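Number of protein chains: 2
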Amino acid sequence: MPGERYPTPEAAEAAFYEAFEKRDIEAMMSVWADDGIVCVHPMGPRIDGRREVAQSWADIFEGGVALRFEPTDVGSTHSDAIAVHCVHEDISFGPGFRQRTRVIATNVYRRTEDGWRMIVHHASPVDDSEGEDEDDDGGGRQFLH
Amino acid sequence: MPGERYPTPEAAEAAFYEAFEKRDIEAMMSVWADDGIVCVHPMGPRIDGRREVAQSWADIFEGGVALRFEPTDVGSTHSDAIAVHCVHEDISFGPGFRQRTRVIATNVYRRTEDGWRMIVHHASPVDDSEGEDEDDDGGGRQFLH
Chain W
1 MPGERYPTPE AAEAAFYEAF EKRDIEAMMS VWADDGIVCV HPMGPRIDGR REVAQSWADI
61 FEGGVALRFE PTDVGSTHSD AIAVHCVHED ISFGPGFRQR TRVIATNVYR RTEDGWRMIV
121 HHASPVDDSE GEDEDDDGGG RQFLH
Chain D
1001 MPGERYPTPE AAEAAFYEAF EKRDIEAMMS VWADDGIVCV HPMGPRIDGR REVAQSWADI
1061 FEGGVALRFE PTDVGSTHSD AIAVHCVHED ISFGPGFRQR TRVIATNVYR RTEDGWRMIV
1121 HHASPVDDSE GEDEDDDGGG RQFLH
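Just so you know, the protein sequences line up as chains W and D, in that order.
To convert, note that position 120 of the first sequence is 120 in the working numbering; the numbers rise steadily by one, no gaps.
To convert, note that position 114 of the second sequence is 1114 in the working numbering; the numbers rise steadily by one, no gaps.
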């Protein structure tokens, strides 16, 4: 669908979040590049490869939770061929979309013959608890890094 | 320290993990670019700006936990000006470095007048529990995304 591809990284990013909200697997995968792609869902493993990434989105969309995304605080760095966006995904869900959470995402786009397409989506949750983490017996990860 | 700057993204990445293991804040910050930088520690918020990023590393290094890093499965995409590495950080720690954990990192480097320097480090934990997450009452984040 060359006509639907994206003239800028921003257009690709808008299409990504629109496909996510619509739970539209075809639209989602038209945002992603054909190869060399990596996807990390919050708390999830690294997923490499187009087939595996598509399956992960199909699984999420099948879960059937309706989400609204408001990407905020977008920080970006562009070159001629690669664009990197760091985004706060402010997500609304649940009855009346009144519940809110925040996910941090790094989205990377590459300029291809078909326009700009996503090559990396790395999303991670934010631990809202502000407590000191003094656990040094190896149980926690937060203190490590 | 122009003489210590990095001719390739790979050299910058090696210096990053070496500084991390040595808990050397000066070496760490010589890897990072002067501006436009973003750092996300596992479960942490997005940290923007050189002073704030430096403080976050100083806090981590003060924690005093000795770590050994083995970056594996490096997937990378380069352009003339930006390089993106997706890395499994296999981390050893504790007595005799016998405890192990894995963190997923997306590391982005930019070519500057001083060579390649880090502009993004986004690290996230992997939830090893393989259980089904059927919680749909809004309590968890995993089901969202």
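Each residue gets a CB set at the ideal place from its N, CA and C atoms; glycine is no exception.
If you're wondering where the values come from, they're calculated on a predicted model, not measured in any experiment.
From the options, residue whose alpha carbon lies closest to that of residue i
i	options	result
D:P1071	D:P1009, D:E1013, D:R1005, D:T1008	D:E1013
D:V1087	D:G1096, D:F1097, D:I1104	D:I1104
D:G1064	D:D1073, D:I1025, D:H1078	D:I1025
W:W32	W:T77, W:V53, W:I91	W:V53
W:G96	W:I47, W:L67, W:Y109	W:L67
D:E1021	D:R1005, D:E1062, D:G1115, D:E1113	D:E1062
D:Q1055	D:H1078, D:R1023, D:T1077, D:M1043	D:R1023
W:A27	W:E113, W:R46, W:A58, W:E89	W:A58
W:P42	W:R98, W:E89, W:E10	W:E89
D:E1010	D:E1113, D:H1078, D:R1098	D:H1078
Residue i and residue j closer than 8 angstroms at C-beta
i	j	result
W:I119	W:I60	no
D:R1102	D:V1126	yes
W:Y17	W:F93	no
D:D1034	D:R1050	yes
D:I1082	W:I82	yes
D:D1048	W:G115	no
W:A19	W:Y6	no
Closer than 7 angstroms: residue i CB and nearest the ligand PLP heavy atom
i	result
D:R1110	Because no ligand of any kind appears in the structure shown, any question about the ligand PLP cannot be addressed here.
Whole-number beta carbon distance between residue j and residue i, since they are thought to touch under 8 angstroms
i	j	result
W:R111	W:D80	7 angstroms
D:H1122	W:T106	4 angstroms
D:S1124	W:V40	6 angstroms
Amino acids of chain W, ordered along the chain, whose beta-carbon sits closer than 8 angstroms to that of residue i
i	result
D:D1127	M43, G44
Where residue i meets chain W, residues with beta-carbon distance less than 9 angstroms
i	result
D:S1124	V40, P42, M43, G44, I104, H122, A123, S124, P125
D:S1079	S79, D80, A81, I82, R110, R111
Partner residues on chain D for residue i, Cβ-Cβ distance less than 7 angstroms
i	result
W:G75	V1038, D1048
Beta-carbon neighbours of residue i, restricted to chain D and to distances below 8 angstroms
i	result
W:I25	Ordered by position in chain D, no residue passes the 8 angstroms Cβ test against W:I25, which lies about 15 angstroms from the chain.
Within-8 angstroms CB hit, residue i to chain B
i	result
D:M1043	Protein chains in the displayed structure are W and D, and chain B is not among them.
(request) Run through the segment 79-103 of chain W for me and flag every whole beta strand (DSSP E) of 3 or more residues, listed as ranges in chain order. (result) 82-93
Output the residue ranges of the beta strand (DSSP E) runs that lie fully inside the segment 6-50 of chain W and measure 3 residues or longer, sorted by chain position.
38-40, 46-48
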